[in-house]
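J.:
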Amino acid sequence: GNKRRVDVYLPNGYNTSKKYKVIYFHDGQNLFFDSEATYGTSWKIKDICDEHSYPFIIVGIYNGNEERLNEYAPFLVDADPKEAKKYNWTKALGQLYASWIVETLKPYIDSHYSTLSDFSSTAICGSSMGGVMSSFMGAKYSNVFKYVGVFSLASWYNEKEHLNYIAQSKPNLNQCYFVYVGTEENSIPFYEGMNKIYLSCTSSYLHTLEKLGFDNEHLMFVLGQGEEHNEASWSHHINNFLKLVNKISR
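In terms of our numbering, the numbers along the sequence shown are unbroken and rise by one, the last being 470.
1. May I ask you to report which of helix, strand or coil DSSP gives Phe-365?
2. Run through DSSP, which three-state label would Lys-241 get?
3. Would you say Ala-293 and Leu-313 are within 8 Å of each other, going by their C-beta atoms?
4. In angstroms, rounded to a whole number, what distance separates the CA positions of Tyr-240 and Thr-310?
5. Three or more beta-carbon pairs under 8 Å between the stretch 348-359 and the stretch 326-334, yes or no?
6. Can you name the start and end residues of the beta strand (DSSP E) that Thr-342 belongs to?
7. What's the C-alpha gap between Ala-343 and Phe-398?
8. Taking the alpha-carbon positions, what's the His-449 to Asn-235 distance?
9. Could you tell me the boundaries of the beta strand (DSSP E) in which Tyr-397 lies?
10. Please report how far the alpha carbon of Leu-296 lies from the alpha carbon of Leu-443, in whole angstroms.
In structure tokens:
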């Protein structure tokens, strides 16, 4: 197996006599500090959580650097094979990575920190291929994660298999999904007009969730006008997701 760093944010005034909701994030190095972030800008989650005094534990799971695309792909990439090879994108390790989070990391966090470990207190969030992983894990582990944050979904890597998987999953209509996409998204230049591809992927994903039975109370969508595929855009909207997680469950 490989090793990876995991950062754990504890809320101000963390006290073991209280129990806290937990949010798991992919691409953990981009969450807290600009100095650690891959592209020099973070989501500023620590600042946002501190400012709003959110009672959350945040678990930032670092990605595997050059293995990131393989680890965040639940299915084999079916986009341009020549391009895929250029990025060493040849494996589908996403299902293995997902099961490691649920079967190994989550029990570790629950046993070492003062967590609320139940469904209604557990969230998963990610962007781009991390959004792919969150959407996949929301479907596969629908009794583990109540709140699912899907930012800038990159399901174009293999949209057919990805959407089929979600469409055929057994929905837990108590889950809450937060979905975001910007109008000017651009990432790995696999195709011309990536921004239209991101909009289309997100639209198909929302349609799939609606067909499964998710209503407006359980499915929130934000369109970022003029926003691009980067941490600065995601940081603008992460507070909407955090607010959702902070809602008192009925």
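Cβ atoms here follow ideal geometry from the backbone N, Cα and C, with glycine treated the same way. Computed from a predicted structure; not experimentally measured.
T.: Based on what the coordinates show:
1. As a first step, residue 365 is located in the sequence shown; it is residue number 145 there, counting from the start. If DSSP states are grouped into helix, strand and coil, Phe-365 belongs with coil.
2. Locating residue 241 in the sequence shown gives position 21, where the first residue counts as 1. Reduced to three states, the DSSP call for Lys-241 is strand.
3. Stepping through the sequence shown from its first residue, residue 293 is reached at position 73. Stepping through the sequence shown from its first residue, residue 313 is reached at position 93. Yes, Cβ-Cβ distance for Ala-293 and Leu-313 is below 8 Å.
4. Position 20 of the sequence shown, counting from 1, holds the residue named residue 240. Position 90 of the sequence shown, counting from 1, holds the residue named residue 310. Cα to Cα, the separation comes out at about 39 Å.
5. no
6. As a first step, residue 342 is located in the sequence shown; it is residue number 122 there, counting from the start. First-last of the beta strand (DSSP E) with Thr-342: 342-347.
7. On the sequence shown, position 123 is the one that residue 343 refers to. On the sequence shown, position 178 is the one that residue 398 refers to. Whole-angstrom Cα-Cα distance: 11 Å.
8. Start at 1 with the first residue of the sequence shown, and residue 449 comes out as number 229. Start at 1 with the first residue of the sequence shown, and residue 235 comes out as number 15. In a straight line, the C-alpha of His-449 is about 37 Å away from that of Asn-235.
9. As a first step, residue 397 is located in the sequence shown; it is residue number 177 there, counting from the start. 396-402 is the extent of the beta strand (DSSP E) around Tyr-397.
10. Residue mapping note: residue 296 aligns to position 76 of the sequence shown, counting from 1. Residue mapping note: residue 443 aligns to position 223 of the sequence shown, counting from 1. So the alpha carbons of these two residues sit roughly 28 Å apart.
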